[in-house]
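Under UniProt numbering, the residues of the sequence shown are numbered 1 to 751, in order.
Here is the structure we will look at, set down as structure tokens.
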Amino acid sequence: MKKAFQIKIIGVVQGVGFRPFVYRLAKECKLTGWVLNSSEGVRIQIEGSEENLQKFIKRLKAQAPPHAKIYRLEIKEVPIEGFKDFEVIKAKKGGEIELDILPDLGICNECLFELFDKKDRRYRYPFISCVNCGPRFSIIENLPYERENTTMKGFPLCGDCKREYEDPLDRRFHAEPIACPVCGPGIELYSGAGQKIASGEEALKLACKYLKEGKILAIKGLTGFHLMARADDPQIIETLRTHKRRSKKPFAVMFGNIPQLENFVELSESDKELLLSPQAPILLLPDKGLLPKNLNEGLNTLGVFLPYTPLHQLLIKELSFPVIATSGNISDEPIVFENEEALSKLSNIADYFLLHDRPIRRGLDDSVRKRAGDLYIFIRRARGYVPLPLLLDFRIKRVILAVGAQERNTFSLAFKNKIISSQHLGDIKNLKSLSHFERSIYDFLNLYRVRPEIIVSDLHPRYETTRWAYQYAKKEGITFLQLQHHVAHLYSVFAEKGKMPHEEVLGISFDGTGYGLDKTIWGGEFFKIKGTDFERIFSLRPFRLIGGEVAVKDTRRIALSLLFEIFGDEALKLPLPLFKNFEERELFLLYTAWKRGINSPLCSSMGRLFDGISALLGICYYNTYSGEAPMRLESLYKPHLNEVFEISIKKPFYLDWEEVIRRTLELRDSPEVVATAFIKGVAKAILRVAQLVELEKVALSGGVFMNGPLLSETIRLLSEGGFKVLRNEAYPPNDGGISLGQAFYGALLTL
């Protein structure tokens, strides 16, 4: 018996080869009708025998393309129209957005083979792509995902590409970004002064030549610019640091392949899989120390990744050495992704520019992940992962915009049954970054065609994001909510599970700085959480930040504050190397400020405690970049050492670090012992609090839990103690996950 069905598929189904898959499947099942992209996802009208239709539906679910994700399949019977064939038809515009957009994907194996196949017409073509790889999110201007709605609309297909595009059996059937040397984008090499030098193959050859000679190149990639230079020459590294105003922050290094990479870092099989995945993140791995020390000074990890675009493949193939590939921007500014902006802003850094004319609609940094034992931690979520949604187990009744924190900013949109978080936007601390933040929000609102009804911000009154959210809510006449920083961290963990646990949970939130409900600075907090209710039950013993924000960078002041808390002015008589970094009068003034509480707010921050111990050990007196002191302390961790510092629990319920400081002073000549004993001591203290509170589930979040040894040791102890541990897995535990937590909390309030 003949029947007809209309099928609506909602999920990540555009830009993944779904229509070609449906076409081939319909042909194999001897069915007629059509398939199209719509603002809802993919729609199919299909006719044939009932038996063949059932086979089609079964295979549709089971054999979808590798990058596709089907969230929902809606099937209804419709009248038979008598189609003679099956075809892919033009998308219908407008309507409510149901579909999800695919992230930008690294080059696939098939395209990589063709790139170096002399017989292929795309041999050595820097923009080779197909339905399984290439740009997606970074080139989309509107939905549905069709070529005319992307930045590729300015490159009409040549005859050969058009034949591939229209051939249902071809890998490039309806692959929107496809191009070739005849009809697609090209590359050009410019001098630092903005003069065109070469194009095409000659530009590639000269770019490789200049890299070999030690020049710095600004290279436009998939989602923005990289600054690239030799990673094996300390002088070149120092020159790049000077020009980029990046004194010590580690650089990521791009290697040609896995065999080369194995010489420089310790690699597991799962590391290889992640590095070779379509997401191709930067991965922080144990460093073997064979490259110059000024690449990652004071650290035992190296950020590494593989060439994930055809252009990078062509470059790296000609080089015998690894290269630095760091974000193309000036410090504290967003990544550059437009040619004119690059030539203007990066001319004081780069000697040459390798440009291309495929426009990037929105810039994205490389994603960064870190291995900690058998675990992986997100440091930065951007290219390769954004804008994939997080699906919830419930529907949200009002559209929510969550604006995140000030550092490592992301924002999130919550609507229907999902939360979509933005790419990493960096620190929102000046007009340029605030403008970029605002443009990015409007970009998402327009792309997904939603209007916020609730906006959620941090509590901190001086965050630019808080001010912006308040003004936006006032202008639009919508509800303005605020959520405490450390609570938002914990709700980001619950969000990843798609729903709130039914039972009460112990939440532990450790980071550097967050505005507390009592208007002091928090950062070492324990909460009981159930539903949308939370109660702070434990905290780190408070200490003063002498000079306020200044102490966040000047870790010496934190060390002084910890000493003054224990010894008062007698601390100044201790024979410590720390004091040699101060003038006598300066020490007196700092003690006076501490004693009188002059510009010295109280804080309960675990991150700042890490800073203070680093300064007492003399391993980091100044944070030249966020998290430097804790990262250096982490690098000293030796798991085989047995010393564990005691962090006592005092009433009214705080963790007392005094014994830690006393033991640090006694063992300061053995920094590895101190670092290990302190980290193990913090993990042990977490276990003791969990045992006191007696809740089965324990959630961990906050930037301090990017510390691999601390996270691994804490999970081990809690698991052995019978607790179930929840943590951030698909999102960063640092402030990059704050907007997710804010959005999820706001969503819960709509129920």
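Even glycine gets a Cβ: it sits at the ideal position worked out from N, Cα and C.
All values derive from a computational prediction rather than experimental measurement.
Pairing K528 with Y637, the inter-Cα distance amounts to about 31 Å. Using a Cβ distance threshold of 8 Å, L115 and F137 do not count as a contacting pair. The Cβ neighbour count for T624, taken over all protein chains shown within 10 Å, is under 16; the residue is labelled exposed. Here the alpha carbon of W468 sits roughly 11 Å from the alpha carbon of G404. Here the C-alpha atom of V704 lies approximately 24 Å from the C-alpha atom of V265. In this structure G194 is exposed. Its beta-carbon is surrounded by fewer than 16 other beta-carbon atoms within 10 angstroms. Counted as a single uninterrupted DSSP element, the alpha helix (DSSP H) harbouring A473 occupies residues E464 to E476. E666 sits in a helix when the DSSP states are folded into three classes.
Here Y622 is bridged, per DSSP, to D554.
Three or more beta-carbon pairs separated by less than 8 Å link the region 143–162 to the region 176–183, which places the two stretches in contact. Contact annotation: the region 120–137 does not touch the region 44–54, with fewer than three C-beta pairs closer than 8 Å.
In the three-state scheme derived from DSSP, where H, G and I count as helix and E and B as strand, S701 is classed as strand. Of the candidates A62, I282, R19 and F444, the residue whose Cα lies closest to the Cα of T301 is I282. DSSP places H502 in no beta strand (DSSP E); its state is neither H nor E. Excluding five sequence positions before and after D656, the CB atoms of its chain that fall closer than 8 Å to its own CB belong to R541, I647, S648, I649 and K650, given in chain order.
Burial of H67 is indicated by the presence of at least 16 other C-beta atoms within 10 angstroms of its C-beta. Look at H424 here: in three-state DSSP terms it is coil, with no helix or strand label. The alpha-carbon of S38 is positioned some 12 Å away from that of G11. Assigned with DSSP and collapsed to three states, M152 falls in helix. A straight line joining the alpha-carbon of F353 with that of G507 spans about 48 Å. Taking 8 Å as the cut-off, the beta carbon of H485 is found no closer than this to the beta carbon of G737. Judged by pairs of C-beta atoms under 8 Å, the region 163–171 does not touch the region 248–267, as fewer than three such pairs exist. Apart from the 5 residues on each side of it in sequence, C108 sits with its Cβ closer than 8 Å to the Cβ of C130, N132, C133 and P278 in its chain, given in chain order.
The alpha-carbon separation between R171 and S433 amounts to approximately 40 Å. DSSP lists Q6 and W34 as the bridge partner or partners of Q45.
Within the region 350–431, the complete beta strand (DSSP E) segments of 3 residues or longer fall at 352–356, 368–372, 375–380, 400–402, 412–415 and 418–421, listed in chain order.
Nearest to E694 by alpha-carbon distance, out of I537, S670, L740 and R662, is I537.
By alpha-carbon distance to E658, the top candidate from N734, S561, R716 and I598 is S561.
Cα atoms of S247 and L299: separation of roughly 14 Å, rounded to the nearest angstrom. In this structure the region 354–373 touches the region 218–229; the number of beta carbon pairs closer than 8 Å is three or more.
Note that the C-beta distance between T151 and R439 is not below 8 Å.
Looking only at G48, R371 and R398, the smallest Cα-Cα distance to E269 is reached by R371.
C620 places its beta carbon 8 Å or farther from that of L545. Per DSSP, reduced to three states, the secondary structure at Y654 is strand. Beyond the five residues adjoining it in sequence on each side, I454 comes within less than 7 Å, by CB distance, of R398, I400, I478, T479, L481 and G746 in the same chain, given in chain order. Counting only unbroken stretches of 3 or more residues, no beta strand (DSSP E) element lies wholly within the region 129–177.
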